[in-house]
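For reference, the structure is listed below as structure tokens.
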Amino acid sequence: MSQNHPVLTLTLQATAAVNAQTFVDYTGATSAAGGNAAGVARTNANPGDLFPADTLGTTVVIAGAAITAGQRLQSDANGNAIPKAAGVAVAVALEAASAQGQTIEVSLIPN
């Protein structure tokens, strides 16, 4: 059951188009593949728009691949969650995803 319990939600300004439930960086853009993430966007945003991003606690993110509960996650090029390979760990999966496109609850790792 995907749900979110954010401890801290910040308002960011989009510098590029942002999709809801994807990892975003502190510049207000989608996180780079394997890069740092400020958190997860709660809404879609166009350049210049203000949008809420969960930065601490748990939130819901789109899976970019199959994921096992307990896996450390990184962002892919679309801001989706994938199992950590060589990137920065930005979250831990609290539930599994069997396929790309599913939403899962994650615990965010500040970085």
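In our numbering, the protein residues as written are 1446 to 1556. Glycine included, each C-beta is placed from N, C-alpha and C at the ideal position. Owing to the predicted nature of the structure, the values given are computational and were not obtained by experimental measurement.
Can you check whether the CB of residue j is closer than 8 Å to the CB of residue i?
i        : j        : result
Gln-1519 : Gly-1493 : no
Val-1463 : Ala-1486 : yes
Gly-1473 : Thr-1488 : no
Ala-1542 : Ala-1511 : yes
Ala-1538 : Thr-1513 : yes
Glu-1540 : Asn-1449 : no
Sorted by chain position, which residues of the same chain lie with C-beta nearer than 6 Å to residue i's C-beta, five sequence neighbours on each side aside?
i        : result
Leu-1453 : Thr-1500, Leu-1501
Return the Cβ separation of residue i and residue j in integer angstroms, given the expectation that the two are a contact with Cβ distance under 8 Å.
i        : j        : result
Gly-1440 : Asn-1525 : This structure does not reach residue 1440, given that the chain is present from 1446 up to 1556, and the question cannot be answered.
Ile-1507 : Ala-1534 : Contact doesn't hold; Cβ gap of about 18 Å is too wide.
Whose C-beta lies closer than 8 Å to the C-beta of residue i among residues of the same chain, with five residues either side of it excluded?
i        : result
Pro-1451 : Asp-1499, Thr-1500, Leu-1501, Gly-1502, Thr-1503, Thr-1504
Leu-1455 : Ala-1483, Gly-1484, Pro-1497, Ala-1498, Thr-1500
Asp-1470 : Ser-1476, Ala-1477, Gly-1480, Asn-1481, Ala-1482, Ala-1483
Asn-1556 : Asn-1481, Ala-1482, Val-1533, Ala-1534, Val-1535
Whose C-beta lies closer than 7 Å to the C-beta of residue i among residues of the same chain, with five residues either side of it excluded?
i        : result
Asp-1521 : Ala-1478, Gly-1509, Ile-1527
Ala-1465 : Ala-1486, Arg-1487, Thr-1488, Asn-1489
Asn-1491 : Ala-1459, Ala-1462
Q.
Which runs of the beta strand (DSSP E) at least 3 residues long sit entirely within the stretch 1457 to 1529? Give them in chain order.
A. Qualifying beta strand (DSSP E) stretches, in chain order: 1484 to 1486, 1495 to 1507, 1517 to 1520, 1526 to 1528.
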